[in-house]
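Remarks on the structure that follows.
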Amino acid sequence: AAYGGAVIGDQAGYLIGRYGGTPLVEKVARSPARAAALTRARAMVDRYGGLGVFFSTWLTAPLGPWVNLIAGATGLPWQRFTIWDVLGEIIWVSLYVSLGFVFSSQISAVADIMSDVIGLVVAVALALVMTIWIRGTLRHRKNR
């Protein structure tokens, strides 16, 4: 399921780029943060082509959706995109499934630690709120 969803999502990004083309990329790039990501994605596709798609699926995953869009918009052949995408997603899904398998036996310990951390965060937050409230009350009384 994870593999199929990843590949379908990448294909959707590619097709949006293919049919939206440069006008769509220019519209998306109006945001400075997106413009920076699109510039990096464009450099990756220009420099590495299909291999850039491969790396964007698992090694530079946050850049992946932008690489998919740029690959479509710049006319990277669909067959090349798909081959590299499918190979890259095999690695990505395998890594995450393997991590889940390795750490699944530790889930109880992680849950215990997280409940302790959440309790600590709540206690600190309450202490801060009380400190602010007491200071405000004391200032208000002093100014009378």
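Using this note's numbering, you'd call the opening residue of the sequence shown number 368 and step up by one each time. We put the beta carbon where it would ideally sit given N, CA and C, even for glycine. Model, not experiment: these values are computed from the prediction.
query: Measuring CB atoms only, is the segment 441 to 456 touching the segment 483 to 490, in the sense that at least three cross pairs come out at less than 8 angstroms?; result: no
query: Near A408, which residues of its chain fall below 6 angstroms by C-beta distance, leaving aside the five closest residues on each side in sequence?; result: L430, W433, V434 and I437
query: On the CB-based measure, 16 or more other CB atoms within 10 Å of its CB, does E456 come out buried or exposed?; result: buried
query: With DSSP collapsed to three states, give me the class of N435.; result: helix
query: Tell me where the alpha helix (DSSP H) around T427 begins and ends.; result: That residue, T427, is in no alpha helix (DSSP H); it is neither H nor E in DSSP.
query: Below 8 angstroms on the Cβ atoms is my guess for A440 versus R506; work out the distance and round it to an integer in Å.; result: About 58 angstroms separates the two Cβ atoms, so there is no contact after all.
query: Return yes when the Cβ of V460 is within less than 8 angstroms of the Cβ of A379, no when it is not.; result: no
query: What separation, rounded to the nearest whole angstrom, lies between the Cα atoms of I458 and A492?; result: 41 angstroms
query: Which residues bound the alpha helix (DSSP H) around S472?; result: Run containing S472: none; DSSP gives neither H nor E here.
query: Taking the beta carbon of T504 as the centre, do at least 16 other beta carbons fall within 10 Å, making it buried, or is it exposed?; result: exposed
query: Could you name the residues of the same chain whose beta carbon sits closer than 7 angstroms to that of T389, not counting the 5 residues immediately before and after it, in chain order?; result: A440
query: Please identify the residue among V420, Y463, S472 and V464 whose C-alpha is closest to the C-alpha of R447.; result: V420
query: Figure out for me which residue from R508, T424 and L418 has the closest Cα to the Cα of G376.; result: T424
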